[in-house]
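Each residue of the sequence shown is one higher than the last, beginning at 1 in UniProt numbering.
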Amino acid sequence: KKKKKKKKKKKKKKKKGRRKIRKKKKKKKKKKNKKKEEEKEEEKRKTGFGTAHTAKSTKSWLNDHGVGVLDWPANPPDLNPIENLWGIVKRKMRNKRPKNADELKATVKETWASIPPQQCHKLITSMPRRIEAVIKAKGAPTKY
1 KKKKKKKKKK KKKKKKGRRK IRKKKKKKKK KKNKKKEEEK EEEKRKTGFG TAHTAKSTKS
61 WLNDHGVGVL DWPANPPDLN PIENLWGIVK RKMRNKRPKN ADELKATVKE TWASIPPQQC
121 HKLITSMPRR IEAVIKAKGA PTKY
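Okay, here's the thing in structure tokens:
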């Protein structure tokens, strides 16, 4: 009888151990799936498009209908001076605390209007230097 009890205990321990292993595997699988989803989301942010815009069928349709598509990075801040302006707006709004959507909209408009036109002009005239920097960096990020 004692031997049978010991065997049962061993079996239970093995089962428990297997359950733990299965749970760990499930957790790993969930983490992996979550990571893949996050990578997909990251890719969408990088390209600026959902997967529908980069699908073979979409590319084929565009090609068949003579729609030319430029190979263009989604949001290269070094080639989009507007990104610099949004950065300025964010910095100026850092200490403001709008209480609702209307206040937020008004604050953004007010902050945007406070940016001097010379600053916009300066960003626009920096484009040749920006392009030169991107070419030198072979498409890698630049100081802009």
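Built from N, CA and C at the ideal position, the CB exists for glycine as well.
Reference residue i; option with closest CA among the options
i, options, result
"M93", "A55, L104 and K11", "L104"
"W112", "D102, K20, I21 and G87", "G87"
"I135", "K122, R91, S114 and D78", "D78"
Simplified DSSP state of residue i, which is helix, strand or coil
i, result
"I124", "helix"
"N100", "coil"
"T142", "coil"
"P116", "coil"
"R45", "Annotation note: pLDDT 47 at R45 (below 50); position unreliable, coordinate value reported separately. R45 falls in the helix class under three-state DSSP."
"R94", "coil"
"G68", "coil"
"A106", "helix"
Whole-angstrom C-beta distance between residue j and residue i, which should lie under 8 Å
i, j, result
"P98", "T107", "5 Å"
Residue i Cβ short of 7 Å to the ligand COA heavy atom set
i, result
"K8", "As for the ligand COA, it is missing from this structure, which has no ligand bound."
Beta-carbon proximity check, residue i vs residue j, cutoff 8 Å
i, j, result
"I124", "P81", "yes"
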